[in-house]
Each structure stands twice: as structure tokens, then as C-alpha cells.
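Colleague:
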Amino acid sequence: MDRLLTPFEYEYLVRAIWVSALVGGVGGLLSCFVTLKGWSLMGDALSHAVVPGVAAAALLGLPFSLGAAFAALLATAGMGFLKTRTPLREDAVIGVVFTTFFALGLLLLSLRPSGVNLRTIVFGNILGIDPADSRQLVGISLATLVVLFLRWRDLVLYCFDSAQARALGLNVVVLHGLLLALLAATAVAALQTVGAVLVVATLVTPGATAYLLTDRFGRMLAISGTLGCVAAGLGAYASYFLNGSTGGCIVVLQTLGFLAAWLLGPKHGVLAVRRIRLQVPTESTP
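Numbered according to the working numbering, the sequence shown spans residues 498 to 783.
Structure representation (C-alpha cells):
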């Protein structure tokens, strides 16, 4: 028992656990909107698009959230421009933009290799987070939570049916930009915990898991937020004993939750679907 409590004796581990849980919970809430809107690729694009902004901010000594927000705005504008000015499909546009921005970020890091640690950006380093960065992540997470609390009904309607939202008088352009901004902010926060490579998992997996467990959006938010929070905190805790990647532990736990929901879900799970099929009588052929 004493060994299980050992991580709580180290200040940096305690900080990593609660910051990871907070960021994971916010990512879990936002992943519901990503799942409903079908923006999984958009989450992946933004998670890579913020890398050059973070790299530039680190090299200039600026807050990484500022650089990441600027890079996310540029990436969004670039995707919008290519989508309206070319015959390319949206997935192709997203692929071109996010790979270009990610490559630009790697180029900036290679030009000044001593300015920032490449491994930290790509794979995350929540165990090495300092108090200043943790306060920044808390600020980003709390701001995202406040916006979601105030506008979640409008965002749900926009994600479910943007045409109906427009007919009801909602400004869908503003809601589109707001959701992108929230995605970018959460990607910046998750960048520190799981790294750019795995950010998309925190923005997709909890929501996809909750989608398999319920048809009510309120419950979906509760399940997804809880899963994201618990998996992130427990992953940071388990990484101490495994001596492995914190981001990898977090995402593996989220994936295990998804697999459990896929198999055991009360309505959409594999076993439930099989039971329903067995209960349905087959029509006899004459």
C-alpha cells in the first residue's frame, strides 16, 4: 500500500496528475462536439498546426499559447482558402495544411535546436511541467470550460444541424469559429500532456466511447468528461510505476475504455447487438 502512495510524495508527480486530469476532462467534454460534428480530422489538423506556433513562441520567449493560437488561426484561414478556391475535398485540404504546418514546426526547431525540446512538443512532457506552465494550462482549461458552459446548447445545435441553427437565428459563422478556437486551445493544453502526435486521441476517443454508451447528449458529456479526466490522471499516475511515456499511458487507457464500450455497450456494443439479432425472429421462406 505504501508503494502505491509513493507518487504522491513528489510534488512534480502530484502536479502532473491533477493537471493531466483537468486537461483530459476538458478534452473529453470537447470530444463530444468533435464526434457529433464529425471533426476528427479537424482535431488532428489543429493538433499538428499549432506546432510551429509553439516552436516560434518558445524561440521568441513568448507564451506558447499565444503562438499556438496564432498558428491555429493561420491554419484555419489556409484550410478555408483552399476549400473555397480549389476543387479539393475537405480531407485533402486538411491533410495538406496540417502536414505543411507540422513540417514548418520541425524546420523551426531544427534551426534553433537549443531553443526548445523537440521531444517535448511531439511526445509531451507533463512530468517536467513547471508551475508557470501549469498555471497557463489551468487558465486555458478553465476558459474553455466557461465558454462550453455558456454556449453548449448553441454548439450542440450547430454540430447536429447547422442549417437548423441558422434558421433559428444563430450565427453559425461565429459558432464555427468558436468551436475551432476551443479545439485549438484544448490542443495547446493537451500538447503538454500527450504531445502533438497523440492530441487527436484526447479529442476523439472519449467522445467516441461515450457515443457508444448513450443516446442522450447530456449523459454523453458526463461520460466523456469523466473518462477523459480519469484516464489522464490515472495514466500520469501509472507512468511512474511503468517508467514509460505518460502520454502513451493516457491514450492506452482511453483506448481500453473505448474497447470495453464497443464490446459491452448496452445498446451499441457488440454483445448487445448480437443479442438483439438473436431475439429477432427470422422470416420463414414459403
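A virtual CB, placed ideally from N, CA and C, is assigned to each residue, including glycine. Just so it is clear, the structure is predicted and the values come from calculations on it, not from any experiment.
Classify D541 as buried or exposed, calling it buried when 16 or more other Cβ atoms lie within 10 Å of its own Cβ.
Modeller: Taking the sequence shown and counting its residues from 1, one reaches residue 541 at position 44. Buried, since its Cβ has 16 or more Cβ neighbours within 10 Å.
Colleague: Ignoring anything shorter than 4 residues or poking outside the stretch 718 to 770, list the alpha helix (DSSP H) runs there in chain order.
Modeller: Within the stretch 718 to 770, the complete alpha helix (DSSP H) runs of at least 4 residues are 743 to 761.
Colleague: Determine the DSSP secondary structure at L519, reduced to helix, strand or coil.
Modeller: By 1-based counting over the sequence shown, the position of residue 519 is 22. Three-state DSSP puts L519 in a helix.
Colleague: Grab me the residues of R663's own chain with a C-beta within less than 7 Å of its C-beta, minus the 5 sequence neighbours each way, in chain order.
Modeller: As a first step, residue 663 is located in the sequence shown; it is residue number 166 there, counting from the start. Once the five neighbours on either side are set aside, the close Cβ partners of R663 are V669.
Colleague: Check each candidate in L502, G535, L543 and A728 and name the one with the smallest Cα separation from F599.
Modeller: As a first step, residue 599 must be located in the sequence shown, where it is residue number 102. Comparing Cα-Cα distances from F599 to each of L502, G535, L543 and A728, the minimum goes to L543.
Colleague: Considering only residues of the same chain and omitting the five flanking positions on each side of S781, which have a CB-CB separation below 8 Å?
Modeller: For the purposes of this step, residue 781 is identified with residue 284 of the sequence shown, where counting begins at 1. A caution first: S781 carries a pLDDT of 48, below 50, which makes its placement in the model too unreliable to give a value.
Colleague: Please determine, among C529, L533, T573 and A589, the residue with the shortest C-alpha to C-alpha distance to T699.
Modeller: What you label residue 699 is simply residue 202 of the sequence shown in a count that begins at 1. Measuring from the Cα of T699, the nearest candidate turns out to be C529.
Colleague: Excluding five sequence neighbours on each side, which residues of the same chain lie with their C-beta closer than 8 Å to the C-beta of F755?
Modeller: In the sequence shown, residue 755 corresponds to position 258, counting from 1. Same-chain partners within the cutoff: T702, A705, T706 and L709.
Colleague: Determine, using beta-carbon pairs with one atom in the stretch 711 to 721 and one in the stretch 519 to 539, whether at least three such pairs fall under 8 Å.
Modeller: Judged by Cβ distances under 8 Å, the stretch 711 to 721 makes contact with the stretch 519 to 539, as three or more pairs qualify.
Colleague: Using 8 Å as the cut-off, can you tell me whether the stretch 745 to 759 makes contact with the stretch 724 to 736, which would need three or more C-beta pairs spanning the two stretches below that distance?
Modeller: Cβ pair count under 8 Å is three or more, so yes.
Colleague: Quick one: residues in its chain with C-beta nearer than 8 Å to the C-beta of D651, no 5 flanking neighbours on either side, listed in chain order?
Modeller: Here residue 651 corresponds to residue number 154 of the sequence shown, with the count starting at 1. Result list for D651: A662, L667 and L672, in chain order.
Colleague: By the three-class DSSP mapping on this structure, what secondary structure does D588 have?
Modeller: Start at 1 with the first residue of the sequence shown, and residue 588 comes out as number 91. If DSSP states are grouped into helix, strand and coil, D588 belongs with the helices.
Colleague: Whole angstroms are fine: how far does the CA of V594 sit from the CA of L585?
Modeller: Position 88 of the sequence shown, counted from the start, is the residue given in the question as residue 585. Position 97 of the sequence shown, counted from the start, is the residue given in the question as residue 594. L585 and V594: Cα-Cα distance of roughly 12 Å.
Colleague: Please classify P628: is it buried, with 16 or more other beta-carbons within 10 angstroms of its beta-carbon, or exposed?
Modeller: On the sequence shown, residue 628 is found 131 positions in, with the first residue counted as 1. Under this definition P628 is an exposed residue.
Colleague: If contacts are defined as beta-carbon pairs under 8 Å, then L688 and V516 qualify, I think. What distance do you get, rounded to the angstrom?
Modeller: Your numbering for residue 688 matches position 191 in the sequence shown. Your numbering for residue 516 matches position 19 in the sequence shown. L688 to V516, Cβ: 13 Å. No contact.
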